[in-house]
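S.K.:
Protein chains: 4
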Amino acid sequence: MNRLKLGMVGGGEGAFIGAVHRIASRIDDQFDLVAGALSSTTEKSIRSGLALGLEKERIYTDFKEMAAKEATRSDGIDVVAIVTPNHMHYPVAKAFLEAGISVICDKPLTSSLEDALELKRIADNSEPFFFLTHNYTAYPLARQARNMVEKGSLGQLRVIQVEYPQDWLTTDAEHSENKQAQWRTDPTRSGPAGCLGDIGTHAYNLACFISGLSLKAVSADLTAFVDGRELDDNVHAMMRFDQGVKGMLWSSQVAPGNENGLRIRLFGDKGGLEWRQEDPNRLLFSPLGEPTQILTRAGNGYQSTAEHLTRTPGGHPEGYLEGFANLYTEAARCIQRYKEGEQKLDILEGSLIPNIDTGLDGMKFISAVILSSQQNGQWVDIEEI
Amino acid sequence: MNRLKLGMVGGGEGAFIGAVHRIASRIDDQFDLVAGALSSTTEKSIRSGLALGLEKERIYTDFKEMAAKEATRSDGIDVVAIVTPNHMHYPVAKAFLEAGISVICDKPLTSSLEDALELKRIADNSEPFFFLTHNYTAYPLARQARNMVEKGSLGQLRVIQVEYPQDWLTTDAEHSENKQAQWRTDPTRSGPAGCLGDIGTHAYNLACFISGLSLKAVSADLTAFVDGRELDDNVHAMMRFDQGVKGMLWSSQVAPGNENGLRIRLFGDKGGLEWRQEDPNRLLFSPLGEPTQILTRAGNGYQSTAEHLTRTPGGHPEGYLEGFANLYTEAARCIQRYKEGEQKLDILEGSLIPNIDTGLDGMKFISAVILSSQQNGQWVDIEEI
Amino acid sequence: MNRLKLGMVGGGEGAFIGAVHRIASRIDDQFDLVAGALSSTTEKSIRSGLALGLEKERIYTDFKEMAAKEATRSDGIDVVAIVTPNHMHYPVAKAFLEAGISVICDKPLTSSLEDALELKRIADNSEPFFFLTHNYTAYPLARQARNMVEKGSLGQLRVIQVEYPQDWLTTDAEHSENKQAQWRTDPTRSGPAGCLGDIGTHAYNLACFISGLSLKAVSADLTAFVDGRELDDNVHAMMRFDQGVKGMLWSSQVAPGNENGLRIRLFGDKGGLEWRQEDPNRLLFSPLGEPTQILTRAGNGYQSTAEHLTRTPGGHPEGYLEGFANLYTEAARCIQRYKEGEQKLDILEGSLIPNIDTGLDGMKFISAVILSSQQNGQWVDIEEI
Amino acid sequence: MNRLKLGMVGGGEGAFIGAVHRIASRIDDQFDLVAGALSSTTEKSIRSGLALGLEKERIYTDFKEMAAKEATRSDGIDVVAIVTPNHMHYPVAKAFLEAGISVICDKPLTSSLEDALELKRIADNSEPFFFLTHNYTAYPLARQARNMVEKGSLGQLRVIQVEYPQDWLTTDAEHSENKQAQWRTDPTRSGPAGCLGDIGTHAYNLACFISGLSLKAVSADLTAFVDGRELDDNVHAMMRFDQGVKGMLWSSQVAPGNENGLRIRLFGDKGGLEWRQEDPNRLLFSPLGEPTQILTRAGNGYQSTAEHLTRTPGGHPEGYLEGFANLYTEAARCIQRYKEGEQKLDILEGSLIPNIDTGLDGMKFISAVILSSQQNGQWVDIEEI
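Protein chains in written order, with the UniProt record's numbering: chain P, 1 to 385; chain G, 1 to 385; chain V, 1 to 385; chain L, 1 to 385.
Structural data, given as C-alpha cells:
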C-alpha cells in the first residue's frame with residue numbers, strides 16, 4: 001500500500017468542511033496529510049498544522065509558496081485539497097495545477113463564471129487532475145439510482161423533482177459570530193449566489209448526475225427573505241432538460257425544520273425513484289403498477305455496480321462522511337492509475353468523480369438562474385451563458 | 001334530530017366520487033338521501049336509485065325535472081349533491097339554486113371561467129347555499145394548521161411548497177375502459193385543465209386555505225407527457241402570494257409510486273409545518289431552534305378549534321371519508337341554522353366550508369396557469385384574469 | 001335495499017365505543033338504529049335516545065324489557081349491539097339471544113371465564129347470530145396479511161411479534177373524572193384483566209387471526225405499575241403456537257408516546273410481514289432475499305380477496321371507522337343470508353367475522369395469562385384452562 | 001499529536017469486523033496500525049498485513065509471539081484490537097494484558113463464563129486497559145438517551161422493550177461458503193450462544209447502558225429454527241431489572257426483512273424514548289401529555305454531554321462507523337491520560353466506554369438466559385450465575 005501525500009489549503013481551526021475532507025481522506029487509508037496552508041494568518045496556520053501533526057516546515061501561510069515548495073520536494077504532495085471560501089478556489093487551484101499538483105476542490109467551482117472558464121482552460125491544459133467534491137453523488141445509492149436510470153428501470157424519464165432545504169439562515173446569523181454564515185452570505189467571498197451556490201448547485205448537480213441529462217433552460221425566482229441579506233436565501237426554479245424532461249428545484253436556507261434535506265425524485269414512463277440524503281441507506285423504487293420497493297445499501301436489491309462504495313453490510317448505516325470518502329478513494333485511484341502509466345483522459349472517462357466540466361456546468365447553472373431571476377423568471381437557455 | 005333531505009345528480013353505477021359523497025353524508029347522520037338523477041341514462045338511473053333505496057318516484061333522469069319537482073314537494077330535498085363531470089356542474093347548480101335548493105358541488109367549480117363567473121352571479125343572488133367540496137381542507141389537522149398559521153406559530157410566512165402527485169395516468173388509460181380516465185382527460189367534459197383542474201386546484205386551494213393568503217401571480221409550465229393526451233398531466237408552477245410569500249406547486253398524474261400524494265409545507269420566520277394527506281393524522285411542527293414535534297389528531301398538541309372535526313381518540317386513524325364528512329356536517333349545520341332564522345351571510349362568515357368564492361378563485365387560478373404556460377411561463381397576475 | 005333494524009345496549013352520552021358502533025353501522029348503509037337501552041339511568045337513556053332520533057317508545061332503561069318487547073314487535077330489531085362495560089356483556093347477550101335477536105358484542109366476551117363458557121353454550125344453542133367486534137381483524141390489510149400467510153407467502157411460520165402499547169393510563173386517571181379509566185380499571189366491571197382484557201386480547205386475537213394458528217401455551221408477567229391500581233396495566237408474555245411457532249406479546253397502557261400502537265410482525269422461512277394499526281393503509285412484505293415491498297390498501301399488490309373491504313382508491317386513507325364498518329357489513333350479510341334461508345353454520349363457516357368461539361378463545365387466553373403470571377411465569381397450557 | 005500504536009489479532013482477508021475496527025481507529029486519527037497477527041495461517045497473515053501496509057517484521061502468525069515481541073520493542077504497540085472468533089478472545093487478551101499491552105476486544109467477552117471470570121481476574125490485576133466494543137452504546141444519541149434517563153426526563157422508569165432482529169441466517173447459510181455464518185453457528189468457536197451471543201448481548205447491553213439499571217432475573221425461550229443448527233437463532237426473554245423495572249428482549253437472525261434492527265424503547269412515569277440503530281440520527285422523546293419530539297444528532301434538542309461524539313452538523317448522517325470510532329477515540333483518550341500519569345481507576349470511573357465488567361455482565365446474561373431456557377423459562381436470578 002502506498003498512501004498518497006495530501007496537502008490542504010484552508011480548513012484551519014473552526015472551519016467545517018476542512019475537517020470533513022480530512023476524515024474522508026482517512027477512512028479508506030489512501031492518503032497521508034503532510035502539508036498545509038490552513039489559514040492565511042500565520043499563527044493560526046501553525047497552530048492548526050501542529051494540531052494535525054504536520055511537520056513545521058510543511059506548514060505554510062502562503063498557498064503560492066506551498067505550491068512552489070511542495071512541487072520541488074522529492075516527497076512533495078501528490079494532491080491538494082482546497083477548502084477555502086469560494087473566491088479563493090480559483091487562485092489556489094491555478095497555483096497548484098500550474099505547479100503540477102492535482103487538486104481536490106470544494107464546490108462551487110469558483111465565485112464567478114469568468115474564473116470558472118479560465119480555470120477550465122488551465123485544467124484542460126494541465127497534467128494533474130482536477131476533482132470537485134460534489135460529494136452527494138458518491139453516496140452508494142445515488143450511484144445506484146444513476147445506474148438504474150441508465151439501464152432503463154424508469155423507462156423514458158419525464159419529471160425530476162429535486163429540493164434541498166435547510167434552516168440555519170432563517171435569522172440573520174451573519175450578524176452573529178457564526179463564521180460560516182458570514183462568508184456564505186458575503187458576495188465578496190461567495191460570489192453572486194448565496195443559497196443557490198451553497199446548496200442549490202448540489203441539488204442541480206445531483207439531478208444531472210442521476211438522470212444523465214443536461215439542462216437546456218431554466219426559469220427562476222430568487223429571494224433574500226432575511227432583511228439586509230445581500231445574497232439569495234431561497235431558490236425556486238423550473239427546469240427543462242434534454243429529451244423533453246421537466247423538473248423543479250427548490251433550495252432554501254430559511255425553511256425551519258430542515259437540517260440538510262437534499263431529496264430527489266425521478267419519474268419515467270415505467271417507474272419512479274426517490275432518495276433522501278438524510279436517510280441515505282434507502283432508495284425507494286416504484287416500478288409502474290407494482291408495489292414500491294425499499295432498496296437498501298448493501299442489502300436486497302443493491303447492485304454490484306455500487307459495491308465498492310460501501311464498507312459494511314446492510315443495516316449498518318453509512319453516511320455523509322463515507323460518501324465523501326468515496327470521492328477521495330476514487331481520486332486516489334485515478335492518481336495511482338496515472339502514476340502507473342494510464343492516460344489521464346482514459347482514466348477520467350471511466351470515472352464518475354466530478355471534474356472540471358462538472359464544475360463549469362454548475363457555474364453556468366448559477367449564472368443562468370441569476371439571469372432568469374433578474375429577468376423576472378424568463379426562461380434562460382443554458383447554452384447562451 | 002332532524003336529518004336533512006339530500007338529493008344527488010350524477011354518481012350512478014361505476015362512479016367514484018358519488019359513493020364518497022353518500023358515505024360522507026351518512027357518517028355523522030345528518031342527511032337522508034331521498035332523491036337522485038344518478039345518470040342521464042334512464043335505465044341506469046333507475047337501477048342505481050333502487051340500489052340506493054330511493055323511492056321510484058324520486059328517481060329522475062333529467063336534473064331539471066328533478067329540481068322542479070323536488071322544489072314543489074312538501075318533503076322535497078333540502079340540498080343536492082352534484083357529482084357529475086365538470087362540464088355539468090354549471091347547468092345543474094344553476095337549476096337547483098334557481099329552484100331554491102342548496103347545492104353541494106364537487107370541484108372544480110365549472111369547466112370554464114365564463115360559467116364560473118355566471119354561477120357566482122347566480123349564487124350571490126340566490127337564497128340557498130352553494131358549497132364546494134374541497135374536502136382536503138376539512139381534515140382536522142389541515143384546520144389546525146390554518147389556525148396555527150393564523151395565530152402566528154410560524155411567524156411571518158415566507159415559503160409555501162405544495163405538491164399533489166398521482167400515477168394513475170402514467171399510461172394512456174383513457175384508451176382503456178377506465179371511465180374516470182376518459183372524462184378527466186377529455187376537454188369537452190373536463191374543460192381546458194387536466195391534472196391542473198382535477199388535483200392541481202386542490203393543492204392550490206389547500207395552500208390558500210392554510211396560509212390564509214391570496215395568490216397574486218403565477219408562472220407555470222404545463223405538460224401532457226402521454227402521447228395523444230389532450231390535457232395536461234403535469235403542472236409545474238411558481239407562485240407569488242400576498243405579503244411577499246413565495247411558493248411552488250407541483251401536481252402530476254404521471255408520477256409512478258404516488259397514489260394520492262397531496263403534501264404541503266409552510267415556512268415562516270419562526271417555524272415550519274408539514275402535512276401529508278396520506279398520513280393525515282400527523283402534523284409536523286418545527287418551531288425554529290427547537291425539535292420538530294409530531295402533533296396528532298385528537299392527541300397531544302391537538303387544538304380545541306378542531307375538536308368537533310374528529311370522532312375518535314388519537315391513534316384511531318380517521319381518513320379521507322371522515323374529512324369529507326366534516327364538510328357535509330358543516331353544510332348541514334349551515335342549512336339548519338338558516339332554517340332556524342340566521343342570516344345566510346352571517347352563517348357563511350363564521351364558516352370555513354368552501355363556497356362559491358373559493359370555487360371562483362380556483363377557476364381564476366386555472367385560467368392564470370394555462371395563460372402563463374401558453375406564454376412560456378410569463379408571470380400572470382391573478383387580478384388580470 | 002333493506003336495511004336491518006339495529007338496537008343498542010349501552011353507548012349513552014359520554015361513552016366512546018357506542019358512538020363508534022353507530023358510525024360503523026351507518027357507513028355502508030346496512031342498518032337503521034331504531035331502539036336502545038343506552039343507559040341504565042332512565043333520564044340519561046331517554047336524553048341519549050332522543051338525541052339519536054329514536055322514537056320514545058323504543059327507548060328503554062331495562063335491557064330485559066327491551067329484549068322482550070323488541071322480540072314481539074313486528075318491526076322489532078334484527079340485531080342488538082352491546083357496548084356496555086364487560087361485566088354486562090353476558091347478561092345482555094343472554095337476554096337477546098334467548099329472545100331470538102342476533103348480537104354484535106364488544107370485546108372481551110365477558111368478565112369471567114365462567115360467563116364465557118355459559119354464553120358459548122347459549123349461543124351454540126340459539127338461532128340468532130353472535131358476533132364479536134375484534135374490529136382490527138377487519139382492516140383490509142389485516143385480511144390480506146392473513147390471506148398471504150395462508151397461501152404461503154411467508155413459507156413456514158416461525159416467529160410472531162405482536163404489541164399494543166398505549167399511554168392513557170400512565171397516571172392514575174381512574175381517580176379523575178375519566179369514566180373510561182374508571183370502569184376499565186375496576187375489577188367489578190372489567191373482570192380480572194385490565195390492560196390484558198382491554199387491548200391485550202386484541203393483540204392476541206390479531207396474531208391468531210393473521211397466522212391462522214392456535215395458541216398452545218403462554219408464559220406471562222403482569223404488572224400494575226400505577227400505585228393503587230387494582231388491575232394490570234402492562235402485559236409481557238411469551239407464546240407457543242401450533243407448528244412450533246413462537247411469539248411475544250406486549251401490551252401496555254403506561255407507555256408514554258403511544259396512542260393506539262397495535263403492531264404485528266410475522267416471520268416465516270420465506271418472508272416477513274409487518275402491519276401497524278396507526279398506519280393501516282400500508283403492509284410491509286419482505287420476501288426473503290428481495291427488497292421489502294410496500295403494499296397499499298386498494299393499491300399495487302392489493303389482493304382481490306380483500307377488495308370488498310374498501311371504499312376508495314389507494315392513497316385515500318381509510319381508517320378505524322371503516323375497519324369497524326367492515327364487521328358491521330359482514331354481520332349484515334350473514335343475517336340477510338340467514339333471512340334468505342341459508343343455514344347458520346354454512347354462513348359462519350364462510351365468514352371471517354369473529355364469533356362466539358373467537359370470544360371464548362380470548363377468554364381462555366386471559367385466564368391462562370393471569371394464571372401464568374400468578375405462578376411466576378410458569379408456562380400454562382391453554383388446553384388446561 | 002501523538003498517535004497511538006495499534007496492533008490487531010484477527011481481521012485478515014475476508015473478515016468483517018476487523019475492517020470495521022481499522023476504519024474506526026482511523027476516523028479521528030488517534031491510531032497508527034503497525035503490527036498484526038491477522039490470521040493463524042502464515043501466508044494469509046503476511047498477505048493481509050502487507051495489504052494493510054504493515055512492515056514485514058511486525059506481521060505475526062502467532063499472537064503470543066506478537067505479544068512478547070511488541071512488549072519489548074521501544075516502538076511497540078500501545079494497544080491491540082482483538083477481532084477473532086469468540087473462543088480466541090480469552091487467550092489473546094490474556095497474552096497481551098500479561099505483556100502489559102492494553103486491549104480493545106470485540107464482544108462477547110469470551111466463549112464461556114469460566115474464561116470470562118478468569119479474564120476478569122487478570123484484567124483487574126493488570127496495568128493495561130481492557131475495553132470491549134459494545135459499539136452501539138457509543139452512538140451519540142444512545143449516549144444522550146442515557147443522559148436523559150439519568151437526569152429524569154422519563155421520570156421513574158417502568159418498562160424497557162429492546163429488540164435486535166436480523167435475517168441473514170434464515171436459511172442454513174452455515175452450509176454455504178459463508179464464513180461468518182460458519183463460525184457464528186459453531187459452538188466450538190462461538191460458545192454456547194448463537195444469536196444470543198452475537199446480537200442478543202448487544203441488545204441487553206444497550207438496555208442496561210441507557211437505563212443505568214442492572215438486571216435481576218430473566219425468563220427465556222431459545223430456539224434454533226433452522227434444521228440442524230446447533231445454536232439458537234431466536235431469543236425471547238422477559239426481564240426484571242432493579243427498581244421494579246420490567247422488560248422484554250427479542251433478538252433473531254431468522255426474521256426476513258430485518259438487516260440490523262436494533263431498537264430500544266424506554267418508558268417511565270413522565271415520558272418515553274425510542275431509538276433505532278438503523279436510523280441513528282434521530283431520537284424520539286415523548287414527554288407525557290406533550291407531542292413527541294424528534295431530537296436529532298447535533299441538531300435541535302441535542303445535548304452538550306454528547307457533543308464530542310459527532311463530527312458534522314445535523315442532517316449530515318453519521319452512522320455505524322462513526323459510532324464505532326467514538327469507542328476508539330475514548331480508548332485513545334484513556335490511554336493517553338494514563339501515559340500522562342492519571343490513575344487507571346480514576347480514568348475508568350469517568351468514562352462510559354465498556355470494560356471488563358461490562359463484558360462479564362454480558363456473559364452472565366448469556367449464562368442466565370441459557371439456563372432459564374433449559375429450565376423451560378423458569379426465572380433465573382442473575383446473582384446466582
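For each residue, glycine too, the CB sits at the ideal point set by N, CA and C.
#1: Rounded to the nearest angstrom, what separates valine 103(G) and methionine 88(G) at their Cα positions?
#2: Hey, would you say the C-beta of arginine 333(G) is under 7 Å away from at least one heavy atom of the ligand SAH?
#3: Of the residues that make up the stretch 304-321 of chain G, which ones have a beta carbon closer than 8 Å to any beta carbon in chain V?
#4: So with CB distances below 7 Å, who are the chain P contacts of aspartate 29(L)?
#5: Under the DSSP definition of a beta bridge, which residues are partnered with residue 457(P)?
#6: Are leucine 295(V) and leucine 283(V) close, meaning C-beta to C-beta below 8 Å?
#7: Is there a Cβ from chain G that is less than 8 Å from the Cβ of asparagine 147(L)?
#8: What residues in the stretch 215-246 of chain V have a beta carbon less than 7 Å from any beta carbon of chain L?
#9: Check distances from the C-beta atoms of the stretch 270-300 of chain G to those of chain L and list, in chain order, the residues that come in under 7 Å.
#10: For chain V, check one thing: does any of its Cβ atoms lie closer than 8 Å to the Cβ of methionine 66(L)?
#11: Does the distance from the C-beta atom of aspartate 227(V) to that of aspartate 172(V) stay below 8 Å?
#12: Within the 8 Å Cβ cut-off, does glutamate 55(V) reach chain G?
#13: Considering Cα atoms alone, identify which of Pro287(L), Arg311(L), Cys105(L) is closest to glycine 323(L).
#14: Since leucine 50(L) and leucine 33(L) should fall inside the 8 Å C-beta cutoff, what is the C-beta to C-beta distance between them, to a whole number of angstroms?
#15: Using a Cβ-Cβ distance under 8 Å, would serine 252(V) count as near chain L?
#16: Measuring only the C-alpha atoms, how far is phenylalanine 130(L) from glycine 14(L)?
#17: Any C-beta of chain G within less than 9 Å: which residues of the stretch 368-379 of chain P qualify?
#18: What ranges does the alpha helix (DSSP H) occupy inside the UniProt domain "GFO/IDH/MocA-like oxidoreductase" (143-274) of chain P, keeping only unbroken runs of at least 4 residues that lie completely in it?
#19: Go ahead and label aspartate 361(V) buried or exposed: buried means 16 or more other beta carbons lie within 10 angstroms of its beta carbon, across all protein chains shown.
#20: Is alanine 44(G) helix, strand or coil when you go by DSSP?
#21: What does the Cβ neighbour count give for proline 187(G), buried or exposed, with the cut at 16 atoms within 10 Å?
#22: Does chain L have any CB closer than 8 Å to the CB of glutamate 259(P)?
#23: Between which two residues does the alpha helix (DSSP H) carrying alanine 298(G) extend?
#24: Which residues bound the alpha helix (DSSP H) around glycine 359(V)?
#25: What separation, rounded to the nearest whole angstrom, lies between the Cα atoms of leucine 239(G) and proline 192(G)?
#26: At the level of alpha carbons, what is the spacing between glycine 155(L) and aspartate 242(L)?
#27: Who are the near neighbours of tryptophan 379(G) in its chain, counting only those whose CB is closer than 6 Å to its CB and skipping five residues on each side?
#28: Tell me where the beta strand (DSSP E) around valine 34(V) begins and ends.
#29: Is valine 92(P) close to chain L, meaning its C-beta is less than 8 Å from at least one C-beta of that chain?
#30: So, are the CB atoms of residue 411(P) and serine 286(P) less than 8 Å apart?
#31: Should the stretch 12-32 of chain L be regarded as contacting the stretch 319-335 of chain L, the criterion being three or more beta carbon pairs within less than 8 Å?
#32: For phenylalanine 96(V), which three-state DSSP category applies?
M.R.: From the atom records:
#1: 13 Å
#2: The model on display carries no ligand, and the ligand SAH is accordingly not part of it.
#3: Arg311, Thr312, Pro313, Gly314, Gly315, His316, Pro317, Glu318, Gly319, Tyr320, Leu321
#4: Arg26
#5: Outside the modelled stretch of chain P, which goes from 1 to 385, sits residue 457(P), for which no answer is possible.
#6: yes
#7: no
#8: Ser219, Asp221, Thr223, Phe225, Asn234, His236, Met238, Lys246
#9: Gly289, Glu290, Pro291, Thr292, Gln293, Ile294, Leu295, Asn300
#10: no
#11: yes
#12: no
#13: Arg311(L)
#14: Contact doesn't hold; Cβ gap of about 13 Å is too wide.
#15: yes
#16: 26 Å
#17: Asn376, Gly377, Gln378, Trp379
#18: 179-184, 187-190, 201-211
#19: buried
#20: Per the sequence presented here, residue 44(G) reads as lysine, with alanine not at that position. Three-state DSSP puts lysine 44(G) in a helix.
#21: exposed
#22: yes
#23: Segment: none, alanine 298(G) is in no alpha helix (DSSP H) and carries neither H nor E.
#24: 356-374
#25: Correcting the residue type first, residue 239(G) is methionine in the shown sequence and not leucine. Whole-angstrom Cα-Cα distance: 20 Å.
#26: 15 Å
#27: Ala217, Ser219
#28: 31-37
#29: no
#30: The first residue shown for chain P is 1 and the last is 385, placing residue 411(P) beyond what the model contains.
#31: yes
#32: helix
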